[in-house]
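Q: Under the working numbering, the residue at position 60 of the sequence shown is numbered 60, and the numbers go up by one with no gaps.
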Amino acid sequence: MADGGFWQLFRVRERDNLEFWVSHFIVLASTVVGVYLAASAGFDTAVAFEKLQSDKQGFYMRRALADELADNLKEAEKWTGYFIEGDAWRFEGRVEDYPLQTYVWDAMKVNDATLQLPPKVLTGIRRFYRMTNLRVRDMVSRTGASRSAAEELRKDVKRMRADVVPLLAKDTKDFASRLTTRGINVD
């Protein structure tokens, strides 16, 4: 071991150990590239998963909102029938006795997917709910405004069915087709 033998392995600055530096550089470069590619693939997968989850949540929220709105339109139409068809005596009590179903609407207030709805849909539903409450108040008051409030509410129901419901249905259908193309079954 006079020529350095065992200690020769630790002399990395000498010309004889060039392969040491080259191999370590290759290992280091491949580690950096591998970590980058793995992180990039993981990020892309996470973004795709989050988009899919958001679309699923958006679809089910829209579908539940459409069902709730359909129920409320049906109920409001029934209330107007009492006045317009001569059965006003059936419509009595307090405003609280004639509530709209707002479970989904209230839950949407804290949902990220809410503002993904077309503004015309959100505004239309919000205005309908507000005006329905005001018109029901007038209908319950048993004054001269009761019949005209019922007529206005019936117009509001027709307007919602003609303008807002088709927009909501189209938006829900678009979400359903997006999910179906990704292999998600929506029933």
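All residues carry an ideal CB built from backbone N, CA and C; glycine is no exception.
(1) Please classify residue 126: is it buried, with 16 or more other beta-carbons within 10 angstroms of its beta-carbon, or exposed?
(2) So what does DSSP say about residue 129, is it helix, strand or coil?
(3) Assign residue 58 to one of two classes, buried (16 or more other C-beta atoms within 10 Å of its C-beta) or exposed (fewer than that).
(4) What does the alpha-carbon distance come out to for the pair residue 35 and residue 41?
(5) Just to confirm the assignment, what range does the alpha helix (DSSP H) spanning residue 152 have?
(6) Which of helix, strand or coil does DSSP assign to residue 103?
(7) Under DSSP, the alpha helix (DSSP H) around residue 41 begins and ends at which residues?
(8) Report the three-state DSSP secondary structure of residue 137 (helix, strand or coil).
(9) Would you mind giving the Cβ-Cβ distance between residue 186 and residue 176, rounded to the nearest angstrom? I have them listed as a contact below 8 Å.
(10) Residue 66 and residue 168: beta carbons closer than 9 Å?
(11) Taking 8 Å as the threshold, find out whether the stretch 93-104 comes into contact with the stretch 154-164 through three or more Cβ pairs.
(12) Does the CB of residue 150 have a neighbour CB from chain B at under 9 Å?
(13) Compute the beta-carbon to beta-carbon distance between residue 132 and residue 76, rounded to the nearest angstrom, for a pair I have assumed lies under 8 Å.
(14) Using C-beta distances below 7 Å, list every residue in its chain close to residue 111, excluding the 5 sequence neighbours before and after it, in chain order.
(15) Rounded to whole angstroms, how far is the Cβ of residue 79 from the Cβ of residue 153, which I believe are closer than 8 Å?
(16) If you draw a straight line from the alpha carbon of residue 82 to that of residue 182, how long is it in whole angstroms?
(17) In three-state terms, what does DSSP make of residue 96?
(18) Going by beta-carbon coordinates alone, are residue 145 and residue 136 separated by less than 9 Å?
A: If we stick to the structure as given:
(1) As a position in the sequence shown, residue 126 is number 126, starting the count at 1. Classification for residue 126: exposed.
(2) Walking along the sequence shown from the start, residue 129 turns up at place 129. Residue state, collapsed to three classes: helix.
(3) In the sequence shown, residue 58 corresponds to position 58, counting from 1. Looking at its Cβ environment, which holds 16 or more other Cβ atoms inside 10 Å, residue 58 is buried.
(4) On the sequence shown, residue 35 is found 35 positions in, with the first residue counted as 1. On the sequence shown, residue 41 is found 41 positions in, with the first residue counted as 1. Straight-line Cα distance between these residues: approximately 10 Å.
(5) Residue mapping note: residue 152 aligns to position 152 of the sequence shown, counting from 1. Element bounds for residue 152: 145-159.
(6) The residue labelled residue 103 in the question sits at position 103 within the sequence shown. Here residue 103 sits in helix by DSSP.
(7) On the sequence shown, position 41 is the one that residue 41 refers to. That run of the alpha helix (DSSP H) goes 18-84.
(8) What you label residue 137 is simply residue 137 of the sequence shown in a count that begins at 1. Residue state, collapsed to three classes: helix.
(9) For this step, residue 186 is matched to residue 186 along the sequence shown. For this step, residue 176 is matched to residue 176 along the sequence shown. Between residue 176 and residue 186 the Cβ distance is about 5 Å, and since that is below 8 Å, they are a contact.
(10) The residue given as residue 66 occupies position 66 in the sequence shown. The residue given as residue 168 occupies position 168 in the sequence shown. Taking 9 Å as the Cβ cut-off, residue 66 and residue 168 qualify as a contacting pair.
(11) no
(12) Of the protein chains in the structure, only one exists, and it is not chain B.
(13) Position 132 of the sequence shown, counted from the first residue, corresponds to residue 132. Position 76 of the sequence shown, counted from the first residue, corresponds to residue 76. Right, the Cβ-Cβ distance comes to about 6 Å (below 8 Å), so this counts as a contact.
(14) In the sequence shown, residue 111 corresponds to position 111, counting from 1. Only 61 meet the Cβ criterion.
(15) Working through the sequence shown from its first residue, we reach residue 79 at position 79. Working through the sequence shown from its first residue, we reach residue 153 at position 153. Their Cβ separation, rounded to whole angstroms, is 7 Å, which keeps residue 79 and residue 153 in contact under 8 Å.
(16) Along the sequence shown, one-based indexing puts residue 82 at 82. Along the sequence shown, one-based indexing puts residue 182 at 182. Using only the alpha carbons, I get a separation of about 48 Å.
(17) The residue labelled residue 96 in the question sits at position 96 within the sequence shown. Helix, per DSSP.
(18) Counted from its first residue, the sequence shown places residue 145 at position 145. Counted from its first residue, the sequence shown places residue 136 at position 136. No.
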